[in-house]
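S.K.: Take a look at the following structure, please.
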Amino acid sequence: MPRYDFRCRACGATFELRRPMAQANDPAVCPQGHQDTVKLLSTVAVTGAASAGGAPQQAPSAGGGGGCCGGGCCG
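Counting from 1 along the sequence shown, just add 458 to a position and that's the residue number in the numbering used here.
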């Protein structure tokens, strides 16, 4: 189940709730009982695709490519 972060406007507390995606935008009550809360945007770090061994793979080096921006097809 996804985790959503919220902040209470009344007391400034930041808290998280686990709820189904269908309820992602439902109102949340802070642990202190305040109703005036906002859902925070979460950041996700993506460092690269993992190989079968779980290690991140490097991006392809320059020189290859396609289209009009480096593939050598346009003159």
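Virtual Cβ for every residue (Gly too), placed ideally from N, Cα, C.
To which residues of the same chain is residue 462 closer than 7 Å at the C-beta, ignoring the five residues directly before and after it?
M.R.: 474, 475, 477, 482, 497
S.K.: Are the Cβ atoms of residue 495 and residue 464 separated by less than 8 Å?
M.R.: yes
S.K.: What do you get for residue 488, buried or exposed, if any count of 16 or more other CB atoms within 10 angstroms of its CB means buried?
M.R.: buried
S.K.: Does residue 466 pass the burial test, meaning 16 or more other C-beta atoms within 10 Å, or should it be called exposed?
M.R.: buried
S.K.: Using 8 Å for Cβ pairs, my map puts residue 469 next to residue 493. What's the rounded Cβ distance?
M.R.: At roughly 11 Å, the Cβ-Cβ gap does not stay under 8 Å, so residue 469 and residue 493 are not in contact.
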